[in-house]
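Notes for the one structure printed next.
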Amino acid sequence: MNMAAIIQTKNLTKIYGGKVKALDNLNIEIEEGEVYGLLGPNGAGKTTTINLLVTRISPTSGTAIVNGYDIVKQSLEVRKSIGVVPQDLTTDEDLSGYENLKMVSRFYDVPNAEAEERIHKLLRMVNLEDVKNRLVRQYSGGMRKRLELIAGLVHDPKILFLDEPTLGLDVTTRTQMWKYVREIQEKLDVTIILTSHYLEEVDALANRISIIDHGKVLATGTSDELKSNLKGDIIIVAMKTDEDAATIMKYPGAIEAKENGPKTVRLKVQNSDEELPKLIRFVSDNSLSVTRLTVQKPSLDDVFLEYTGKEIREEEPADMRQTMMNMRRLRR
Amino acid sequence: MSGLGPLTSRELKKWYRNPVSLLTGLIQPFFWLALFGSAFSKIAAFGPQLLDGAPNYITYILGGVLTIIGLFTALFSGVNLIFDRRLGVLGRFLIAPIRRSSIVFSKIFASSARILVQVGILILAALLIPDGLEFKHGFTVLDGLILIAAVLLVALIFTSIFTAIAVRVTRPDTIFGIINLVNLPLLFVSYAMFPPGLMAGWLSNAAKYNPVSWSAETIRTVVINGTLSASQMHSIGIWLSGLAILAAALLLMTYYVSEKEIRE
Ligand SMILES: Nc1ncnc2c1ncn2[C@@H]1O[C@H](COP(=O)(O)OP(=O)(O)OP(=O)(O)O)[C@@H](O)[C@H]1O
Ligand SMILES: [Mg+2]
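From first to last, the protein sequence lines stand for chains A and B. Residue numbers for the first sequence follow my numbering, so the first one is 1 and each next one is one higher. Residue numbers for the second sequence follow my numbering, so the first one is 333 and each next one is one higher.
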């Protein structure tokens, strides 16, 4: 066992209603202090994983250790050490932002003075200081999401779970949320587990990513590791003449060479950083003239496509009813 | 039981901040009294022996109306739990390190607090209206305590049942359906509004076993008689113990149901 692991799942399995196998012997390890991203298409089991780890539901078999506590046998201890920002909204519309946070702090028996100090620090952090006494029903969608974000932090948890933290938000608000998440990670010294179906989000925030599908981990690593595991980068070269294009098609260092438009060739190479100098030598040795040269590193999209066989952009969250409810509530 | 304090205060805040619920809470007692006082005033003409010696119908009916107020507030006590689930707030409570039962018991406490306020307003209203409540034979502190105990216990019986139902029900219309099904039978198969002498024999027999009757009769006895005779004390003892035993058993059931079964 990895000593630094703050979360470790052991053959974690969840079968809903005896039929739907949402998680299938999942084994993941999350290290203290990291931002860990769970990426997967709909119904992959991301929310199920989070709900199990935060003891919102119980596993069919297997278990997990969170901050040294067993999620099945010591659920109360687990709940004390974690903060959660669930996929759906959970603050009370009939209370003010401040009252919501105060209520949550009392759930965790945070001493009064400490709670006040922390609540104000968090409100300042996400710029809600000015509206803290307004009823939550009068908040905008973005304000509401920011409140949700800090509601999981008033008791100074060691671990923060974020399930789709920017679902249904516009692009500007989303980038702003990322800023807050990064700030939280730096200033509050908390381990963050994040799920998302926005690739950019996981890429921008997570140190380490697991791609999961059908309740199983397909790959784990840093964004760079995952990308470099994909065999090959792409180099696109446009040539001056058809003859030059024909010559470059025979470049020996390429795993694969394809025509890519008139006088343009698409070369797939092992590693473009190492291959580029060799390619330039090949060009000058054969006196070829190049008009344009582009290197394409694989994106996380390509990684995702490779492992799941699906394009993540096509994905919409599976639970449309829930999403629509969220959108409706956010829009007000 | 950490969580009970913050959750109960949340519940009460939501109640007193809602201007509609505050206003209806103030108007309703007058409404009830005006309605009952005039609609059934003819009963008084049958003679005071029918009214167990009460000087007027309002004095007679007070025990019934107080019981009904407790009963109706109790029947609706589970509704907020269903809305908490629908609106996602319950999710926040379930991931907090609080006892699951405190989520349900905060509703029970808040509902009891609301009932106490309504009882106070109603008694005041009954004293204010013309030809209203009259304590002919005085009203002692003990009488007051008995009155409050009776209303709260009958309310606890039904708050327990209806919050326990709400633990497993996810749709508001289901619980509204159940409320509609039971409210009128509970009311009419009881001595809350009519003296047993005016009821059909079978109805009067069935009403004997209704906790609503026990509460109404208890309050009626202390309001009309003030200082109690030994035999009146005896009847009140039986009624109150019946209410207390039922309430305790049902609260215990609700405790187990909420610890084990509550989920989103
Ligand atoms: N309460 C439930 N009852 C039955 N099946 C469920 C339940 N919750 C989830 N599932 C099923 O379990 C599988 C995993 O769902 P989960 O919500 O974990 O996916 P997800 O990765 O979070 O997807 P999304 O990106 O759409 O949020 C899906 O097939 C889903 O239909
Ligand atoms: Mg999900």
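C-beta atoms are modelled at their ideal positions from N, C-alpha and C, and glycine is treated no differently.
Residues of its chain near R321/A, where Cβ-Cβ distance is below 6 Å and the 5 sequence neighbours each way are ignored:
Since pLDDT at R321/A reaches only 47, below the 50 mark, its modelled position is unreliable, and the value read off the structure follows with that caveat. Excluding positions up to five away in sequence, the list is empty.
Chain A partners of R552/B, CB-CB under 8 Å?
From the beta-carbon of R552/B, no residue of chain A is found nearer than 8 Å; the closest lies around 38 Å away.
Taking C-beta to C-beta, are L339/B and S438/B nearer than 8 Å?
The answer is yes: Cβ separation under 8 Å.
Nearest candidate by alpha-carbon position, reference V66/A, set E275/A, D24/A, T9/A, T60/A
Minimum Cα distance to V66/A is reached at T9/A.
Return the chain-ordered list of same chain residues with a C-beta closer than 6 Å to the C-beta of E32/A, the five sequence neighbours on each side being excluded.
Hits under 6 Å: A4, I6, T191.
Buried or exposed: where does F363/B fall if 16 or more other Cβ atoms within 10 Å of its Cβ makes it buried?
Exposed: under 16 other Cβ atoms inside 10 Å.
Give the straight-line distance between the Cα atoms of R552/B and S590/B, rounded to the nearest whole angstrom.
Looking at the backbone, the Cα of R552/B and that of S590/B are separated by about 35 Å.
Nearest-angstrom Cβ-Cβ length linking S289/A and K240/A, presumed shorter than 8 Å:
4 Å between Cβ atoms; contact.
Nearest CA to the CA of E148/A: which residue from R266/A, N133/A, V171/A, M177/A?
Of R266/A, N133/A, V171/A, M177/A, the residue nearest in Cα terms is M177/A.
The beta strand (DSSP E) with A257/A in it runs from where to where?
Bounds of the beta strand (DSSP E) holding A257/A are 256 to 259.
So G97/A and K132/A are in contact, right, with Cβ under 8 Å, and what is the actual spacing, rounded?
The Cβ separation is near 5 Å, so the contact holds.
When the cut-off is 8 Å and only beta carbons count, does D94/A lie next to chain B?
Yes, because at least one Cβ of chain B sits closer than 8 Å to the Cβ of D94/A.
Anyone know if the C-beta pair for L413/B and A498/B falls short of 8 Å?
Closer than 8 Å, so yes.
Listed by chain order, chain B residues near Y108/A by CB distance under 8 Å
The answer, in chain order, is A428, P429.
In the DSSP assignment, find the unbroken alpha helix (DSSP H) run with T340/B in it and report its ends.
Boundaries of the alpha helix (DSSP H) harbouring T340/B: 336 to 348, taken from the DSSP string.
Just mark R417/B as buried or exposed, buried being the case when its beta carbon has 16 or more other beta carbons within 10 Å.
Buried, since its Cβ has 16 or more Cβ neighbours within 10 Å.
Mark H566/B as exposed unless 16 or more other C-beta atoms lie within 10 angstroms of its C-beta, in which case mark it buried.
With a 10 Å radius around the Cβ and a threshold of 16 neighbouring Cβ atoms, H566/B comes out exposed.
Nearest chain B C-beta to V84/A closer than 8 Å, yes or no?
Taking CB atoms only, V84/A has a neighbour in chain B less than 8 Å away.
Contacting positions in the segment 335 to 349 of chain B - beta carbon closer than 9 Å to chain A:
If the cut-off is 9 Å between Cβ atoms, the segment 335 to 349 of chain B has G335, G337, P338, L339, S341, R342, K345, K346, R349 near chain A.
Using the C-alpha atoms, what's the distance from E200/A back to N227/A?
For clarity, residue 227/A is Lys in the given sequence; the question names Asn instead. Distance between the alpha carbons of K227/A and E200/A is about 14 Å.
Alpha carbon to alpha carbon, how far is L306/B from G168/A?
Within the shown structure, residues of chain B are numbered from 333 to 596, placing residue 306/B beyond reach of any answer.
DSSP state of L153/A, grouped into three classes?
L153/A: coil per DSSP, three-state reduction.
Which of helix, strand or coil DSSP assigns to M320/A:
Below a pLDDT of 50, predicted positions are generally treated as unreliable, and M320/A, at 48, falls in that range; the measurement from the model is reported next regardless. In this structure, M320/A counts as helix in the three-state DSSP scheme.
Would you kindly work out how many angstroms separate the C-alpha atoms of K304/A and R146/A, rounded to a whole number?
Note that residue 304/A is Phe in the sequence shown here, rather than Lys. F304/A and R146/A: Cα-Cα distance of roughly 29 Å.
Should D163/A be counted as a contact of ligand 2 given a C-beta to heavy atom distance under 7 Å?
Under cutoff, so the answer is yes.
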